[in-house]
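Q: Quick one: the structure is below, questions incoming.
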Amino acid sequence: MKKVISGNYAAAYAAKHARVEVVAAYPITPQTSIIEKISEFIANGEVENLQYVPVESEHSAMAACIGASATGARAFTATSAQGLALMHEMLHWASGARLPIVMVDVNRAMAPPWSVWDDQTDSLAQRDTGWLQFYAENNQEVYDGVLMAFKIAEHKKVNLPVMVIESAFILSHTYDVVDMPPQEEIDEFLPPREPLYTLTDFDNPIAVGALGTPSDYYEFRYKIAKAMENAKEVIKEVGKEFGERFGRDYSKMIEFYKTEDADFVFMGMGSLMGTVKEAVDLLRKEGYKVGAAKVRWFRPFPREELYELAKNVQGIAVLDRNFSFGQEGILFNEAKGVLYNTDAKPVMKNYIVGLGGRDFTVKDVKVIADNMKAIIEKGELDREIEWYGLKR
Amino acid sequence: MEIPENVKKRLSLPAEEYFYAGHTACQGCAAALGLRYVLKAYKNKVIFTIPACCSTIIAGPWPYSTFGAPLFHTAFETTGAVIGGIEAALKAKGYKVKGEDGIMVVGWAGDGGTADIGLQALSGFLERGHDGLYIMYDNEAYMNTGIQRSSSTPQGAWTTNTPGGKKHFLEQRPKKKVIDIVIAHKIPYAATASVAYPEDFMRKLKKAQETPGPSFIQLFAPCPTGWRSPTDKSIELAKLAVQTAYFPLFEYENGKYKINMPSPNKEPKPLEEFLKLQGRFKYMNKEDMEILQEWVLREWDELKKKAEMFK
Chain C
18 MKKVISGNYA
28 AAYAAKHARV
38 EVVAAYPITP
48 QTSIIEKISE
58 FIANGEVENL
68 QYVPVESEHS
78 AMAACIGASA
88 TGARAFTATS
98 AQGLALMHEM
108 LHWASGARLP
118 IVMVDVNRAM
128 APPWSVWDDQ
138 TDSLAQRDTG
148 WLQFYAENNQ
158 EVYDGVLMAF
168 KIAEHKKVNL
178 PVMVIESAFI
188 LSHTYDVVDM
198 PPQEEIDEFL
208 PPREPLYTLT
218 DFDNPIAVGA
228 LGTPSDYYEF
238 RYKIAKAMEN
248 AKEVIKEVGK
258 EFGERFGRDY
268 SKMIEFYKTE
278 DADFVFMGMG
288 SLMGTVKEAV
298 DLLRKEGYKV
308 GAAKVRWFRP
318 FPREELYELA
328 KNVQGIAVLD
338 RNFSFGQEGI
348 LFNEAKGVLY
358 NTDAKPVMKN
368 YIVGLGGRDF
378 TVKDVKVIAD
388 NMKAIIEKGE
398 LDREIEWYGL
408 KR
Chain S
379 MEIPENVKKR
389 LSLPAEEYFY
399 AGHTACQGCA
409 AALGLRYVLK
419 AYKNKVIFTI
429 PACCSTIIAG
439 PWPYSTFGAP
449 LFHTAFETTG
459 AVIGGIEAAL
469 KAKGYKVKGE
479 DGIMVVGWAG
489 DGGTADIGLQ
499 ALSGFLERGH
509 DGLYIMYDNE
519 AYMNTGIQRS
529 SSTPQGAWTT
539 NTPGGKKHFL
549 EQRPKKKVID
559 IVIAHKIPYA
569 ATASVAYPED
579 FMRKLKKAQE
589 TPGPSFIQLF
599 APCPTGWRSP
609 TDKSIELAKL
619 AVQTAYFPLF
629 EYENGKYKIN
639 MPSPNKEPKP
649 LEEFLKLQGR
659 FKYMNKEDME
669 ILQEWVLREW
679 DELKKKAEMF
689 K
C-alpha cells in the first residue's frame, strides 16, 4: 500500500506494523507526531496488545522501555535532541543489558541557542553507547529502517538496541510517498520476538545488571564489541532479505551512487544525501566525474566498505551536519581514522554544512565540487576543515 | 523442622525462604531482613527492580543472586519508570498482575533513590496508576555511598557530609515526609512499616497485593553502620522508633488514614531512648534534642488529627 505521509508517520506506521508491544515516550518537538499517531492507532482500536506509557521524562521513557524489553516485550520509543541527551545514561543501560529496543531519533540541534531544526550532533554524541545507528535519507527509509531495526536488534548474534535517525522537519514533517507492504508479509519478515532470557521465568529466575567485578566487567564489554561486529553480517543479511521481499535492497551499509568511475565522491549521512544525489546527476551532465557515498549505518561503522571505496577514488568530500568541538566533523574524523592504516589515501576534506537547519542545496554541492576539483588538480589541500557558507 | 506443640509459636510468617543465605549485607542490616519478608510474602512470583543502593550489593555480584526471584538492577533514579515498563510489558503479554496468583511487580529502593534522585520517576509511577508496589526502605542516609545525608535524614543527625564540629554543623533540615508526597497522588494504598513488626509488614504487603493500582510502603530499616549503633540493636531501635512515635505505623487506604500502633493507648516514649543508642546523634546538644522531640510530637499530633478527620 502506498501512502503519502510524513517521516514521523512513517515511523509510527512502521512501529505499528512491527507489532510493538510497549511504547513509552515523552513529547518533544519535532518527534511528537510519532507518538501522537501511535496514540491514535490505540484510540481507534487499530492495534492489539499495545501498552502505551506516557512517562514524565525521556529518561523515564528509556527506563520504561528497558523494563519492558527485559520482560520480553518488543519496545519502542522516539525522541529528539535534548530528550536524547537526557536519555544518555539509560542508552548505556539498554545496550549493557543487551536489550533490543528500537528508537527513532529525529535529528535536532542542541540548545543553546534554542533550535528545533536539523543537526546530527544529538545522535552522534551517543555513538559510544553501544547502540546501532541507521541514518535515513527519506521517509521510505525511515519506515524500512524501523522494520529492519527490530529484526537486526533481536537477532541472537546481536541483541543490541538500534536507533533509526531522521532529519527534523526535512523528513519528520514533510510528506512523501511511502510504500508499506501488507501486514502478513511483514509478519513473515518480522515474526514475534523470541528473547533469550526474560524476567518472567520464575522457575529459573535471572538477575540482570548485577555488580560486575574487575574479574568480569572487561569480558562483558568485549561481548558487546563482538556483537557489534556480528551486526555487520546481520545488517547485510537482513538488508538483502528486505530487498528480496519488498524490492528495496539494503544489503550495503554504504549506498554507493555513481561511484564506479568517479574521480571524487561526496560522503555524508541522512536527508542531505538526497540533495547530493540530485546534484551528482546534474554535475555528471556538466562533465564532472563525481559520485555519492551515503553512509547508512554509522554504528557499526562500515570500515570494509569505506576501504573499498577509498581505493578507487582520488578524493572524498565529507559533508558533516555536525561538529565535534575542538576537533572536526564526526563522520570525517571516523572515515579518516579508518583509512590511516590502509594503502588507500584519497584526498579528504571536511565540509561542515547546514548546522541547525541552515539550507543545503544542489548549488552548494556544485560549489564544493569545484573546490574539490581544484584541490585534486593542484594536488594540494587548501584547508582540512571548512565551515561552508559561514556568514563572516 | 516441626515445632513441638508446647512451644509457643511467636510469629505467623511463612516458613519458605526465597532470600537465600550468602548475601553480602552488613551485620545487623534491617534492609536485608525486609527483603526476606517481601520474598516470604510473594514467594518467587515477584519481579524485583533495584536501583543503585545497598541492596545492589546485598543481592550479590554477577553471577550470583541471593534472590529466589527475577531481579533487574537499574540506574539510581529509574525505579518508578522501570517497574512501570515491566508492568506494561506483562499486560501486553497477557500476564495477570497483582491480586491472588498475579505477578507482583516490586520496586525496592532506598531513601536517597526515592526521596531525592528517584522522586520524579516515583511520582510518574504513582500518577499513571501502574499495578505495582514501590517499597522505600528508609535508613535515613546514603549508606552504600558512605553515610551522606539524604532528604530523609532527620534534623540533628551526624552524617559524613553533615558532621558535628567546633561550629556544630549536623543536618539542619527536618526529615522529608515522602509518604505525604505519595499520598498527595491519591493512590489507593500507602503505608508505613517497620522491620520490628514483621506481621504488620506482611499484612501490608498482602494488602498491596490485593489492592489494584499503585501501592507504596515506607519501611523503616535501621542501619548499624550508618547509625553508629550496635549490630544487635537494629530491631530494638526499630521498635523504639515506633514506640516514641518517631516513625509511627499507619495506613492510607482510599482516602482514609488508619494508625496501627502496637500499643494504641500508650503515650509515646521519650525520644531520648531512641536517640541514645545511636552514635549519629551523639553530637546533638540539648537544644537539638528538643527540636527533634518537638518535631516528632507535632507530626504525631498531625497524624492523629488526620486519622480522626478522614475516618
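For the protein sequence lines, the chains are C and S, in the order given. Heads up: the first sequence runs through residues 18 to 409, numbered per my numbering. Heads up: the second sequence runs through residues 379 to 689, numbered per my numbering. For every residue, glycine included, the Cβ atom is placed at its ideal position computed from N, Cα and C.
Answer yes or no: do CYS404 of chain S and PRO602 of chain S have a C-beta to C-beta separation smaller than 8 Å?
A: Yes.
Q: GLY446 of chain S touches chain C at which residues, Cβ-Cβ below 8 Å?
A: Here the neighbours are PRO222.
Q: When the Cβ atoms of the region 305-313 of chain C are set against those of the region 271-290 of chain C, are three or more pairs found closer than 8 Å?
A: Counting Cβ pairs under 8 Å, three or more are found: they touch.
Q: Does the beta carbon of HIS693 of chain S come closer than 8 Å to any beta carbon on chain C?
A: This structure cannot speak to residue 693 of chain S, because chain S is shown only from 379 to 689.
Q: Answer yes or no: do VAL119 of chain C and VAL179 of chain C have a C-beta to C-beta separation smaller than 8 Å?
A: The answer is yes: Cβ separation under 8 Å.
Q: What whole-angstrom Cβ distance do LEU412 of chain C and PRO319 of chain C have, given they're in contact under 8 Å?
A: The requested residue 412 of chain C does not occur in the structure, where chain C is confined to residues 18 to 409.
Q: Using a Cβ-Cβ distance under 8 Å, would SER50 of chain C count as near chain S?
A: So, not an interface residue.
Q: Under 6 Å Cβ to Cβ from GLU322 of chain C, same chain only, skipping five residues before and after it: list those, please.
A: Excluding positions up to five away in sequence, the list reads MET270 and ILE271.
Q: Can you pull out the residues from the region 483-504 of chain S whose beta carbon lies closer than 8 Å to at least one beta carbon of chain C?
A: Taking 8 Å as the Cβ-Cβ cut-off against chain C, the residues of the region 483-504 of chain S that qualify are GLN498, ALA499, SER501 and GLY502.
Q: Pairs of beta-carbons, one from the region 437-451 of chain S and one from the region 493-513 of chain S, closer than 8 Å: are there three or more?
A: Result no; under three Cβ-Cβ pairs closer than 8 Å.
Q: Under 8 Å between C-beta atoms, does HIS34 of chain C make it to chain S?
A: Cβ-Cβ to chain S under 8 Å: no for HIS34 of chain C.
Q: Find the residues of chain C that neighbour SER443 of chain S, judging by a C-beta separation of less than 9 Å, and give them in chain order.
A: Near SER443 of chain S (Cβ distances below 9 Å), the residues of chain C are PRO222, ILE223, ALA224 and ALA227.
Q: Would you tell me roughly how many angstroms separate the C-alpha atoms of SER232 of chain C and TYR442 of chain S, rounded to the nearest one?
A: Cα to Cα, the separation comes out at about 14 Å.
Q: Where does ASP139 of chain C sit, in a helix, a strand or coil, going by DSSP?
A: Helix, per DSSP.
Q: Looking only at its own chain, which residues have a Cβ that is under 6 Å from the Cβ of ILE637 of chain S, when we skip the five neighbours before and after it?
A: Here the set comprises PHE628 and ALA685.
Q: Alpha carbons only, please: which of S:THR434, S:GLY657, S:GLN596 and S:LEU655 is nearest the one belonging to SER229 of chain C?
A: It is Gly, not Ser, that sits at residue 229 of chain C in the sequence shown. Nearest C-alpha to GLY229 of chain C: S:THR434.
Q: Between ASN422 of chain S and chain C, is there a C-beta pair that is closer than 8 Å?
A: Cβ-Cβ to chain C under 8 Å: yes for ASN422 of chain S.
Q: With a threshold of 8 Å, are at least 3 pairs of Cβ atoms found where one atom belongs to the region 619-634 of chain S and the other to the region 563-582 of chain S?
A: Yes, since at least three Cβ pairs between the region 619-634 of chain S and the region 563-582 of chain S fall closer than 8 Å, the two stretches touch.
Q: Report the start-end ranges of each beta strand (DSSP E) in the region 154-232 of chain C that is 3 residues or longer and not cut off at the edges.
A: Entirely contained in the region 154-232 of chain C, the beta strand (DSSP E) runs reaching 3 residues are, in chain order, 179-184 and 192-196.
Q: Go to ARG320 of chain C, then tell me how far its beta strand (DSSP E) extends in each direction, as first and last residue.
A: Looking at the DSSP string, ARG320 of chain C is not in any beta strand (DSSP E); the run it does join, the alpha helix (DSSP H), is 320-328.
Q: Is the CB-CB distance between TYR630 of chain S and ILE561 of chain S below 8 Å?
A: Closer than 8 Å, so yes.
Q: Suppose only complete runs of 4+ residues qualify. What are the alpha helix (DSSP H) ranges in the region 554-602 of chain S, listed by chain order?
A: Counting only runs of 4 or more, we get 556-561 and 576-588.
Q: Where does the unbroken alpha helix (DSSP H) through ARG301 of chain C begin, and where does it stop?
A: That run of the alpha helix (DSSP H) goes 289-302.
Q: Quick test of the definition: if touching needs 3 or more C-beta pairs under 8 Å, does the region 521-541 of chain S touch the region 459-467 of chain S?
A: The region 521-541 of chain S, when compared against the region 459-467 of chain S, does not touch it at the 8 Å Cβ threshold.
Q: Going by other Cβ atoms of all chains shown within 10 Å of its Cβ, with 16 needed for buried, is GLN550 of chain S buried or exposed?
A: Exposed, by the Cβ-count rule.
Q: Indicate whether at least one CB of chain S lies closer than 8 Å to the CB of ASP204 of chain C.
A: It does not: the Cβ of ASP204 of chain C has no partner Cβ on chain S nearer than 8 Å.
Q: Would you call the region 323-335 of chain C and the region 354-367 of chain C touching, i.e. three or more CB-CB distances under 8 Å?
A: The answer is yes - the region 354-367 of chain C touches the region 323-335 of chain C, with three or more Cβ pairs under 8 Å.
Q: Quick one, are the C-beta atoms of LEU411 of chain S and MET580 of chain S less than 8 Å apart?
A: Not a contact, by the Cβ cut-off of 8 Å.
Q: Mind pulling the chain C residues with CB within less than 9 Å of ALA399 of chain S?
A: Simply none; closest approach about 16 Å.
Q: For GLN200 of chain C, count the other beta carbons within 10 Å of its own beta carbon; 16 or more makes it buried, fewer makes it exposed. Which is it?
A: That one is exposed.
Q: In chain order, what residues of the same chain have a beta carbon less than 7 Å from the beta carbon of VAL64 of chain C, not counting five sequence neighbours either side?
A: Counting only Cβ-Cβ distances below 7 Å, and skipping sequence neighbours, we find LYS33 and PHE58.
Q: Chain S partners of THR217 of chain C, CB-CB under 9 Å?
A: Those are ILE425, PRO448, ALA467, LEU468, LYS471, TYR473 and ILE481, listed as they occur along chain S.
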